[in-house]
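Asks:
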Amino acid sequence: MHTGNTHEGGSPDRRTYTVEEIAEILGIGRASAYELAKKGYFRAVKIGTAIRISKKSFDEWLDNQRS
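Residue numbers for the sequence shown follow the numbering used here, so the first one is 7 and each next one is one higher.
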């Protein structure tokens, strides 16, 4: 069964990033990535102890940083 949200291979239909992925994309430490999420720069949800960041929200934020 295909859920439409895959973690292998960076599927284009993926809807969230992990904090670790955000840190890697931005070239910053994990603690700094957590701070950005905590301060609300992009939409994030907490699932148990895990934080997931909205891909759409993050991508829009990142595009605005380049302007």
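All C-beta atoms in this analysis are idealised placements derived from N, C-alpha and C, irrespective of residue type, glycine included.
Since the model is a prediction, treat every value here as computed from it, not as a measurement.
Helix, strand or coil for Y40? Go by DSSP, reduced to three states.
Replies: In the sequence shown, residue 40 corresponds to position 34, counting from 1. Looking at Y40 - three-state DSSP - the assignment turns out to be helix.
Asks: Taking buried to mean at least 16 other C-beta atoms within 10 Å of its own C-beta, is A39 buried or exposed?
Replies: If you number the sequence shown from 1, residue 39 lands on position 33. Flag for A39 reads buried.
Asks: Mind checking V51: buried by the 16 CB within 10 Å criterion, or exposed?
Replies: The residue you call residue 51 lines up with position 45 of the sequence shown. So V51 ends up on the exposed side.
Asks: With DSSP as the reference, label I59 as helix, strand or coil.
Replies: To locate residue 59, count along the sequence shown from 1; it is residue 53. Strand at I59.
Asks: Among the candidates A56, D19, Y47, R58, whose CA atom is the shortest distance from the CA of L68?
Replies: The residue given as residue 68 occupies position 62 in the sequence shown. Taking the Cα of L68 as reference, the smallest distance to any Cα among A56, D19, Y47, R58 is reached at Y47.
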